[in-house]
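Q: For the sequence shown, position 124 matches number 149 in the numbering used here, and the numbering has no gaps at all. A virtual CB, placed ideally from N, CA and C, is assigned to each residue, including glycine.
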Amino acid sequence: MRVVTSIPNLSTRLDSLPRPLGLVPTMGALHDGHLALVKRARRENQTVVATIFVNPTQFGSQEDLSKYPRDRERDLDMLREHGVDVVFAPGADEMYPPGFDTWVDVGVLGDRLEGVHRPGHFRGVATVVAKLFSLVRPDRAYFGQKDGQQLAVIRRLVRDLNLGLEIVAVPTVRDPDGLAKSSRNAYLTSSQRQAAPVVYRALCRAESLWSSGVRDAERLRAEMKAVLETEPLVESIDYTSVADVESMDELDQVQLSGKAMVLVAVRFGSTRLIDNVILE
Ligand code: AMP
26 MRVVTSIPNL STRLDSLPRP LGLVPTMGAL HDGHLALVKR ARRENQTVVA TIFVNPTQFG
86 SQEDLSKYPR DRERDLDMLR EHGVDVVFAP GADEMYPPGF DTWVDVGVLG DRLEGVHRPG
146 HFRGVATVVA KLFSLVRPDR AYFGQKDGQQ LAVIRRLVRD LNLGLEIVAV PTVRDPDGLA
206 KSSRNAYLTS SQRQAAPVVY RALCRAESLW SSGVRDAERL RAEMKAVLET EPLVESIDYT
266 SVADVESMDE LDQVQLSGKA MVLVAVRFGS TRLIDNVILE
């Protein structure tokens with residue numbers, strides 16, 4: 026496995042590698058969720074490139090950029106073990122040199138849900154992902170369903186800008202108690218960690234109601250909220266949502282299988298958790 030930190034070295038390195046090439050973008054602090062993306066990419070491609078970059082432009086000024094967990098050596102060991110060919114791990118100046126000022130504006134899709142609570146987040150995500158696509162020129166790129174709105178934003182980016190690669194969505198990896206794996210779970214205190222599966226329970230409640238025939242999205246949103254409110258350690262609920270998987274439009278009714286996602290975002294103290302389930 027080669028670890029590359031500069032853009033010129035990356036280009037030289039990639040020229041000789043066999044296709045198809047699969048890209049797995051990450052911010053490091055790797056866990057089994059990230060590894061599910063790597064394993065899938067390994068199965069489906071001749072070459073696998075992973076990136077580790079804690080992208081400053083997707084963090085708000087009040088957010089956790091400086092304390093975001095970083096463990097480069099452990100991350101590299103995990104990627105090596107899983108057969109990654111090249112790791113691109115640039116510094117912030119490599120990706121955003123002085124004078125950088127071109128941005129990918131993702132429109133209303135990026136203003137909803139997470140966009141309301143994290144203004145500019147998806148502009149940062151779309152910009153860095155567009156740069157990574159341009160630098161690595163992958164045939165396929167792998168993203169987790171865990172970040173459902175991000176996936177919708179990236180699919181739209183690829184479609185609107187005719188980027189011509191395949192986006193592969195990988196199902197959410199969970200702990201046995203249902204909590205979605207996330208680098209941010211490390212911030213939870215032990216009592217918050219014990220309480221955190223309420224997030225998945227709320228989503229499962231909506232899913233089971235939908236499976237039993239409830240089509241009214243307002244009812245599903247209310248039921249998720251009611252489940253979350255049973256947990257005193259949930260400090261605030263940013264949203265409970267029933268949204269179209271592509272447009273992220275908030276829905277009134279959910280009729281068709283596979284077309285809607287239930288989503289929640291909550292805060293346990295200063296730690297914000299998001300999760301979602303597709304209704305199918
Ligand atoms: P991050 O390092 O948090 O930016 O995540 C990098 C990629 O891993 C994104 O495509 C995430 O959606 C994906 N990912 C994070 N957590 C999970 C999980 N629990 N299951 C599946 N994919 C995940």
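Mind checking who Asn301 pairs with in its DSSP beta bridge?
A: For the purposes of this step, residue 301 is identified with residue 276 of the sequence shown, where counting begins at 1. In DSSP, Asn301 forms a bridge with Leu288.
Q: Given a cut-off of 7 angstroms on the beta-carbon distance, is the pair Met249 and Val302 in contact?
A: Taking the sequence shown and counting its residues from 1, the one referred to as residue 249 is at position 224. Taking the sequence shown and counting its residues from 1, the one referred to as residue 302 is at position 277. Going by C-beta atoms, Met249 is not nearer than 7 angstroms to Val302.
Q: Going by alpha carbons, who is nearest to Ala177 out of Ile262, Val131, Arg209?
A: In the sequence shown, residue 177 corresponds to position 152, counting from 1. Minimum Cα distance to Ala177 is reached at Val131.
Q: With distance defined between alpha-carbon atoms, name the residue in Glu191, Leu160, Ala251, Phe78 nearest to Asp96.
A: Residue mapping note: residue 96 aligns to position 71 of the sequence shown, counting from 1. When only C-alpha atoms are compared, the closest one is Phe78.
Q: Can you give me the Cβ contacts of Arg137 inside the same chain, cut-off strictly under 6 angstroms, excluding the 5 residues immediately before and after it?
A: In the sequence shown, counting from the first residue as 1, residue 137 sits at position 112. If we look at Arg137 and ignore the five residues flanking it on each side, its Cβ neighbours are Met273.
Q: Could you spell out the range, first to last residue, of the alpha helix (DSSP H) harbouring Glu271?
A: Position 246 of the sequence shown holds residue 271. It is not in any alpha helix (DSSP H) - Glu271 carries neither H nor E in the DSSP assignment.
Q: Give every residue whose Cβ lies closer than 6 angstroms to any heavy atom of the ligand AMP, listed in chain order.
A: This criterion selects Thr51, Met52, Gly58, His59, Ala61, Leu62, Phe168, Gly169, Lys171, Asp172, Val195, Thr197, Val198, Ala205, Lys206, Ser207, Ser208.
Q: Go ahead and pull the three-state DSSP assignment for Pro50.
A: Locating residue 50 in the sequence shown gives position 25, counting from the first residue. Correct three-state label for Pro50: strand.
Q: Once DSSP output is grouped into helix, strand and coil, what is the label at Tyr264?
A: Along the sequence shown, read from residue 1 onward, the residue named residue 264 stands at position 239. Tyr264 falls in the strand class under three-state DSSP.
Q: Which ranges would you report for the alpha helix (DSSP H) in the region 160–205 if only whole runs of at least 4 residues count?
A: As far as the region 160–205 is concerned, its whole alpha helix (DSSP H) runs of at least 4 residues are 173–185.
Q: Which residue comes first and which comes last in the alpha helix (DSSP H) that contains Ala211?
A: Counting from 1 along the sequence shown, the entry for residue 211 is found at position 186. That residue, Ala211, is in no alpha helix (DSSP H); it is neither H nor E in DSSP.
Q: Let me check one thing: in DSSP terms, what residues is Val112 bridge-paired to?
A: The residue given as residue 112 occupies position 87 in the sequence shown. Looking at the DSSP assignment, Val112 forms a beta bridge with Val28, Ala75.
Q: Where does Asp96 fall in DSSP's three states?
A: Reading the sequence shown from its first residue, position 71 is the one you call residue 96. Three-state result, Asp96: coil.
Q: Enumerate in chain order the residues of its own chain whose CB-to-CB distance from Asp269 is below 7 angstroms, with the five nearest sequence positions on each side excluded.
A: Translated into positions along the sequence shown, residue 269 becomes position 244. Counting only Cβ-Cβ distances below 7 angstroms, and skipping sequence neighbours, we find Leu276, Lys284, Ala285.
Q: Are the CB atoms of Ala23 and Leu258 nearer to each other than 7 angstroms?
A: Given that the chain is displayed from residue 26 to residue 305, the structure contains no residue 23 and the question cannot be resolved.
Q: Using 8 angstroms for Cβ pairs, my map puts Phe113 next to Leu60. What's the rounded Cβ distance?
A: Within the sequence shown, the letter at position 88 stands for residue 113. Within the sequence shown, the letter at position 35 stands for residue 60. The pair is not a contact, with the Cβ atoms about 18 angstroms apart (cut-off 8 angstroms).
Q: Is Gly189 near the ligand NAD, judged by its Cβ being under 6 angstroms from some heavy atom?
A: As presented, the structure is devoid of the ligand NAD, carrying the ligand AMP as its sole ligands.
Q: Within the continuous alpha helix (DSSP H) that includes Tyr225, where are the two ends?
A: For the purposes of this step, residue 225 is taken as residue 200 along the sequence shown, with counting starting at 1. Tyr225 -> alpha helix (DSSP H) spans 223–236.
Q: Using DSSP's beta-bridge definition, name the partner residues of Asp241.
A: As a working note, residue 241 is residue 216 in the sequence shown. DSSP, once it has assigned bridges, lists Gln278 as partnering Asp241.
Q: With 16 other CB atoms within 10 Å as the buried threshold, where does Phe125 fall?
A: Working through the sequence shown from its first residue, we reach residue 125 at position 100. When all chains shown are included, Phe125 counts as exposed.
Q: Given a cut-off of 7 angstroms on the beta-carbon distance, is the pair Pro222 and Asp241 in contact?
A: Walking along the sequence shown from the start, residue 222 turns up at place 197. Walking along the sequence shown from the start, residue 241 turns up at place 216. Not in contact: Pro222 and Asp241 (Cβ atoms no closer than 7 angstroms).
Q: Where do the ends of the alpha helix (DSSP H) carrying Val370 lie?
A: Since the first residue of the chain shown is 26 and the last is 305, residue 370 is not available in this structure.
Q: Locate the alpha helix (DSSP H) running through Glu119, then write down its first and last residues.
A: Residue 119 sits at position 94 when you count from the first residue of the sequence shown. Unbroken alpha helix (DSSP H) run through Glu119: 117–120.
Q: Measure the beta-carbon distance from Pro196 to Gln170 and round it to whole angstroms, keeping in mind my assumption that it falls under 8 angstroms.
A: Residue 196 sits at position 171 when you count from the first residue of the sequence shown. Residue 170 sits at position 145 when you count from the first residue of the sequence shown. 5 angstroms between Cβ atoms; contact.
Q: Which residue marks the beginning of the alpha helix (DSSP H) containing His107, and which one marks its end?
A: The residue labelled residue 107 in the question sits at position 82 within the sequence shown. Looking at the DSSP string, His107 is not in any alpha helix (DSSP H), and its letter there is neither H nor E.
Q: For Leu234, which residues of its own chain have a beta-carbon under 8 angstroms away from its beta-carbon, when the five flanking residues on both sides are left out?
A: Here the question's residue 234 lines up with position 209 in the sequence shown. Here the set comprises Arg244, Leu245, Glu248.
Q: Val183 and Ile192 - do their beta-carbons sit closer together than 7 angstroms?
A: Against the sequence shown, residue 192 aligns to sequence position 167. Against the sequence shown, residue 183 aligns to sequence position 158. Yes. Within cutoff.
Q: Pick helix, strand or coil for Thr127, following the three-state DSSP scheme.
A: Residue 127 sits at position 102 when you count from the first residue of the sequence shown. If DSSP states are grouped into helix, strand and coil, Thr127 belongs with coil.
Q: According to the Cβ coordinates, are Arg312 and Ser261 closer than 7 angstroms?
A: Missing from the structure shown is residue 312; the chain here goes from 26 to 305 and no further.
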